[in-house]
Amino acid sequence: SISACHDAWKCRNTTMVAALKRLALGGCAAAASAFTADFSSGMAPFAESSATRYASQAVAVEEGALVLKNANQMYGIAAPVEPPFVADDSLVVQYEVTLTDGLTCGGAYVKLLEAPVDVKKFDNESPYVLMFGPDKCGATDKVHFILRQKNPKSGETYEHHLKDPPRVKGDKKPHLYRAVIKADNTYAVYIDDKEEAAGPLLEGLEPPLEPPKKIDDKDDAKPDDWVDAAKIDDPDASKPFDWDEDAPKKIEDDEAEIPKGWLESEPVLVPDPEATIPDDWDVEEDGAWEAPEVPNPKCESAPGCGPWSPPLIDNPKFKGKWFAPKIDNPAYKGVWKPRKIDNPEYFVPENPAKSLKPIGAVAVEIWTTNAGITYDSFYVGGSLDDAKAAAESYYEKKAAEQAAAEVKKAEKAARKAAKQTGLRGVLKKVEGYAIQALEQGKAQPLAAAGTLLAVLVTLLMLCKKKAPASEDEDEDDDDDGEEDEDDDSDQMRLDEP
Numbered sequence: 159s160i161s162a163c164h165d166a167w168k169c170r171n172t173t174m175v176a177a178l179k180r181l182a183l184g185g186c187a188a189a190a191s192a193f194t195a196d197f198s199s200g201m202a203p204f205a206e207s208s209a210t211r212y213a214s215q216a217v218a219v220e221e222g223a224l225v226l227k228n229a230n231q232m233y234g235i236a237a238p239v240e241p242p243f244v245a246d247d248s249l250v251v252q253y254e255v256t257l258t259d260g261l262t263c264g265g266a267y268v269k270l271l272e273a274p275v276d277v278k279k280f281d282n283e284s285p286y287v288l289m290f291g292p293d294k295c296g297a298t299d300k301v302h303f304i305l306r307q308k309n310p311k312s313g314e315t316y317e318h319h320l321k322d323p324p325r326v327k328g329d330k331k332p333h334l335y336r337a338v339i340k341a342d343n344t345y346a347v348y349i350d351d352k353e354e355a356a357g358p359l360l361e362g363l364e365p366p367l368e369p370p371k372k373i374d375d376k377d378d379a380k381p382d383d384w385v386d387a388a389k390i391d392d393p394d395a396s397k398p399f400d401w402d403e404d405a406p407k408k409i410e411d412d413e414a415e416i417p418k419g420w421l422e423s424e425p426v427l428v429p430d431p432e433a434t435i436p437d438d439w440d441v442e443e444d445g446a447w448e449a450p451e452v453p454n455p456k457c458e459s460a461p462g463c464g465p466w467s468p469p470l471i472d473n474p475k476f477k478g479k480w481f482a483p484k485i486d487n488p489a490y491k492g493v494w495k496p497r498k499i500d501n502p503e504y505f506v507p508e509n510p511a512k513s514l515k516p517i518g519a520v521a522v523e524i525w526t527t528n529a530g531i532t533y534d535s536f537y538v539g540g541s542l543d544d545a546k547a548a549a550e551s552y553y554e555k556k557a558a559e560q561a562a563a564e565v566k567k568a569e570k571a572a573r574k575a576a577k578q579t580g581l582r583g584v585l586k587k588v589e590g591y592a593i594q595a596l597e598q599g600k601a602q603p604l605a606a607a608g609t610l611l612a613v614l615v616t617l618l619m620l621c622k623k624k625a626p627a628s629e630d631e632d633e634d635d636d637d638d639g640e641e642d643e644d645d646d647s648d649q650m651r652l653d654e655p
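This is the structure in structure tokens:
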């Protein structure tokens, strides 16, 4: 592990030269220690930031995990990494997150903050080394992988985003997120131990870690006589003598005839014969009273009433406004582009994976519209095996999920077998699951325990009197439709003599 240094600069082993100086002075050890944290014993080492933007945050430890209680809230919680972690070889960051209320709009990511940092005063402006994890809102649905590095030529720090990030696991189950930056300058992103993105750091980020050699000259300007119009009006073209720009687009149909029975002399609306003047109507104040109009009853059986006009049709002589045809522009020079010049910020990153700044804290610094986001099993270090070991509680949850699924599957299969093949079918099903449990017990004890529990449940069902085939059978019929191919093949074996 890294020992404390007499001078802060001795711990910045971002280059080989710095490392040699550090070793020569005997200030620091060669290997970096890992950071791990769960919440089995409370919230420590995590602490809430006192920054005003997080004033109303509500954080608690429930069932051995860190829970962000409130919706529509900014959160700032961090744990110090002491001593700061320096990636001498690889960087592995991992944590478990459960979206108990889903993720409508907000983040569930973590930030690895640069050392030195005060975890009780940090905020959203605190510089970070890597930002990693789910973020979803509107069109945004991705797992962030953002690497911050300083350009040695300009001194500017840039955020380099993963070009093709994976999508967020938006369900309400626990998921394990892991990012790896290797010493060979490659990266990998895993979700639940499945590789979702990987590749060279120099090719997978935007903007790229290696700036372009040439850039546009911002002081260059397009010449006044530059012609960038590829087409022009034909100067020799003229409007045809018979081209009538004033001809209407629509004209009346001269061949149309008034429909038979059309009542031209009848108005469409007539005064309501049943209307009477209101009792409180004052002619001097309200004026002459007029009955409200209603549809003319004589028009109900006629094709129409009132003045008739022929329908409009397209005018065959309509041509619209005349425009000269386009021809190639003989003066065209092409699309103007500024000249290229050498990029003063250009450099070749020799070892971006080993140029990461020391990590001084692990922070949850997010905004979310969803309550109940739950974090657990943090790891920051250089070992993939150690990271997996730090996620023991996650793997236990997954094993329990698998065991519960096996129990449900066994119960469903037992009901189906009992209904279709009686006692003989049930016993064969029990035999199959017992063999399966013995095989699983070698590699996955928890899952095997679940399967054996399923066998026990099946045997207990044999001892009970069969219930009337009403609601249970209807439910079984619904479940049967959801059986997968394995269930179908199992049933075929059950039906064999």
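In the working numbering, the protein residues as written are 159 to 655.
Glycine included, every Cβ here is placed at the ideal spot set by N, Cα and C.
Excluding five sequence positions before and after ASN230, the CB atoms of its chain that fall closer than 7 Å to its own CB belong to THR527, given in chain order. Annotated three-state conformation of GLY362 is helix, per DSSP.
In the structure shown, the three-state DSSP call for THR210 is helix. Nearest Cα to PHE476 within the set PRO431, ILE409, LEU542: ILE409. With at least 16 other beta carbons inside 10 angstroms of its own, LEU367 counts as buried. In the three-state reduction of the DSSP assignment, TYR345 falls in the strand class, which pools E and B. In this chain, the beta strand (DSSP E) harbouring ALA519 covers 517-526.
Note on geometry: alpha-carbon atoms of LYS574 and ALA563 lie some 16 Å from one another.
Comparing alpha-carbon positions, the option among ALA192, GLU220, ARG211, LEU224 lying closest to ALA205 turns out to be LEU224. DSSP lists no bridge partner for GLU442.
Rounded to whole angstroms, the separation of the alpha carbons of ALA192 and SER284 is 22 Å.
From the listed residues ALA337, ALA482, LYS269, the smallest Cα separation to ILE349 is found for ALA337. Cβ-Cβ separation between VAL239 and ILE517: approximately 5 Å, consistent with a contact (criterion under 8 Å). Between the C-alpha atoms of ALA511 and THR298 there is a straight-line separation of about 27 Å. If only uninterrupted beta strand (DSSP E) runs of at least 3 residues are considered, those enclosed by the stretch 191-274 are 193-195, 217-220, 223-226, 231-243, 249-257, 268-272. For ASP411, there is no enclosing alpha helix (DSSP H), as DSSP marks it with neither H nor E. By the Cβ neighbour-count rule, ASP534 is buried, with 16 or more other Cβ atoms within 10 Å of its own. Burial of SER207 is indicated by the presence of at least 16 other C-beta atoms within 10 angstroms of its C-beta.
Contact between the stretch 455-470 and the stretch 413-424 is established, with three or more Cβ pairs separated by less than 8 Å.
Within the same chain, and ignoring the five residues on either side of ASP392 in sequence, the residues whose Cβ sits closer than 6 Å to its Cβ are ALA482, PRO483, ILE485. If you check the CB distance, TYR345 and GLN252 do not come in under 8 Å. Just measuring C-alpha positions, the residue of ASP440, THR256, LYS495, GLU413 sitting nearest PRO468 is GLU413. With a cutoff of 8 Å on beta-carbon distance, LEU271 and ALA216 are scored as not near each other. Look at ARG573 here: in three-state DSSP terms it is helix.
Of the other Cβ atoms in all chains shown, 16 or more fall within 10 Å of the Cβ of ASP293; this residue is therefore buried.
Straight through space, the alpha carbons of PRO417 and PRO455 are spaced by roughly 18 Å. Taken atom to atom, the span from the alpha-carbon of GLY539 to that of ASP247 is near 10 Å.
Residue burial annotation: PRO323 is buried, with at least 16 other C-beta atoms found within 10 angstroms of its C-beta. Apart from the 5 residues on each side of it in sequence, ASN228 sits with its Cβ closer than 6 Å to the Cβ of ALA216, ALA529 in its chain, given in chain order. Of all C-beta pairs linking the stretch 383-403 to the stretch 351-362, fewer than three are shorter than 8 Å, placing the two stretches out of contact. In the DSSP annotation of this structure, the continuous segment of the alpha helix (DSSP H) that includes ASP543 starts and ends at 542-548. In this structure GLY492 is exposed. Its beta-carbon is surrounded by fewer than 16 other beta-carbon atoms within 10 angstroms.
Judged by their CB atoms, ASN309 and GLU503 are nearer to each other than the 8 Å cut-off. DSSP places VAL301 in the uninterrupted beta strand (DSSP E) bounded by 298-308.
Residues of the same chain with a CB within less than 7 Å of the CB of SER312, apart from the 5 flanking positions on each side, are GLU503 in chain order. In the assembly as shown, GLN307 is a buried residue. Its beta-carbon has 16 or more other beta-carbons within 10 Å.
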